[in-house]
Amino acid sequence: MNSLPTIKGILFDLDGVLYIGSQAINGAVKSVDKILASGIPCRFITNTSTLSLVSLQKKINALGFSISADLVISAPQATLFYLRHQHNPVCRLLLAEDVKKDFKEFQQSNTTANHIVIGDIGDAWSYQLLNEVFNCLMNGAKLIAIHKNRFWQTEHGLQMDIGGFIDGLEYASGAHAMIIGKPSPDFFRIALDDMGLQAEGVAIIGDDIDVDVGGGQQAGLKGILVKTGKYRQSYAEASAVKPDFTLDSIVDLPRLLGI
1 MNSLPTIKGI
11 LFDLDGVLYI
21 GSQAINGAVK
31 SVDKILASGI
41 PCRFITNTST
51 LSLVSLQKKI
61 NALGFSISAD
71 LVISAPQATL
81 FYLRHQHNPV
91 CRLLLAEDVK
101 KDFKEFQQSN
111 TTANHIVIGD
121 IGDAWSYQLL
131 NEVFNCLMNG
141 AKLIAIHKNR
151 FWQTEHGLQM
161 DIGGFIDGLE
171 YASGAHAMII
181 GKPSPDFFRI
191 ALDDMGLQAE
201 GVAIIGDDID
211 VDVGGGQQAG
221 LKGILVKTGK
231 YRQSYAEASA
241 VKPDFTLDSI
251 VDLPRLLGI
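Residues 1 to 259 in the working numbering are what the sequence shown lists, from first letter to last.
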């Protein structure tokens with residue numbers, strides 16, 4: 001295996017790279033420990049929108065990872081920062097109940113909202129709900145998507161993610177969603193700024209060739225694809241994105257880094 005040029009920092013995706021559902025990927029804990037011990041600056045960035053910040057940290061710890069909360073940057077967290085810089089946001093929150101806990105500071109309304117914030121709500125989607133949101137958008141509300149992923153890997157197989165619903169709302173209303181999480185360049189920039197690094201010499205490792213690898217490359221990062229999580233060979237081969245490196249799993253990353 002060829003080794004990477006000198007790497008100044010690493011951004012890790014979480015779900016599909018470190019774990020799937022409630023199970024850590026085999027060897028991931030030891031690999032992360034080894035990389036952290038090497039002194040390479042790391043941040044763990046995720047589009048996960050089903051868990052509050054507290055719940056996400058509890059999950060990471062319960063799976064055996066020694067990752068401190070200050071190293072984790074989530075798309076819901078970035079959404080909070082965005083909303084705090086808006087003028088008097090009134091929100092309709094299409095979010096998991098656990099995630100809503102982090103958004104209590106904002107005024108909420110289902111009918112007069114000026115910001116529609118969408119994350120993962122599982123099987124709560126319905127035509128009635130989509131139509132209600134559509135009408136809010138037609139009345140001038142801003143569409144805020146925590147992310148726009150197409151699908152994700154669960155313990156029970158692939159599951160459609162919120163990207164399709166976002167696309168439908170954009171098409172029907174003519175609105176354009178503000179995408180907060182990956183592959184937004186601003187989201188990667190938050191992590192880079194937090195590490196005090198420029199994109200050059202930093203790598204992103206993820207299981208989504210378009211969102212993780214492609215988004216990272218667009219932001220100037222090296223893109224490393226792992227064949228775990230949502231990875232599917234046919235999907236990866238059909239993508240216009242070409243990873244800088246492809247690994248069987250995160251277990252191969254320390255060797256690629258030469259540590």
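The beta-carbon is built from N, C-alpha and C at its ideal position, and this holds for glycine as well.
Asked	Found
Measuring alpha carbon to alpha carbon, tell me which of I7, L36 and T50 ends up nearest A317.	Any question about residue 317 goes unanswered here, given that the chain covers just 1 to 259.
Report the option in P185, L225, G201 and K59 whose CA atom is closest to the CA atom of G9.	G201
Any idea what DSSP makes of F151, helix, strand or coil?	strand
In angstroms, rounded to a whole number, what distance separates the CA positions of G140 and D167?	17 Å
Suppose you measure from the CA of N114 to the CA of R92; what does that come to, to the nearest Å?	8 Å
Counting C-beta neighbours from all protein chains within 10 Å, is the total for F81 16 or more, i.e. buried, or is it exposed?	exposed
I'd like to know if the segment 128-145 and the segment 161-179 are in contact, where contact means that at least 3 CB-CB pairs between them fall below 8 Å.	yes
Based on the DSSP secondary-structure assignment, which residues constitute the bridge partners of W44?	One detail in the question is off: residue 44 reads as Phe in this sequence, not Trp. Note: F44 sits in a beta bridge opposite F12 and V72.
From D207 to K227, what does the alpha carbon distance come to, in whole angstroms?	6 Å
Go through its chain and collect everything with a Cβ distance to L63's Cβ below 6 Å, but skip five positions before and after it.	Y19 and A24
Should A69 go down as buried or exposed, given a rule of 16 or more other Cβ atoms within 10 Å for buried?	exposed
What's the gap between the Cα of I224 and the Cα of A191?	17 Å
According to DSSP, K142 sits in a beta bridge with which residue or residues?	H115
Chain D beta carbons: is any one of them nearer than 7 Å to that of F151?	Among the protein chains of the structure shown there is no chain D, as only one such chain exists.
Report the rounded CA-to-CA distance for G21 versus G216, giving the unit in angstroms.	24 Å
Buried or exposed for V54, going by 16 or more other Cβ atoms inside 10 Å?	exposed
CB G220 to CB A203, shorter than 7 Å?	no
Tell me the rounded alpha-carbon separation between I262 and I146.	Missing from the structure shown is residue 262; the chain here goes from 1 to 259 and no further.
Quick check on DSSP: helix, strand or coil for L197?	coil
Can you list, in chain order, the residues of its chain with a C-beta nearer than 6 Å to that of F151? Leave out the 5 residues immediately preceding and following it.	L158, M160 and D161
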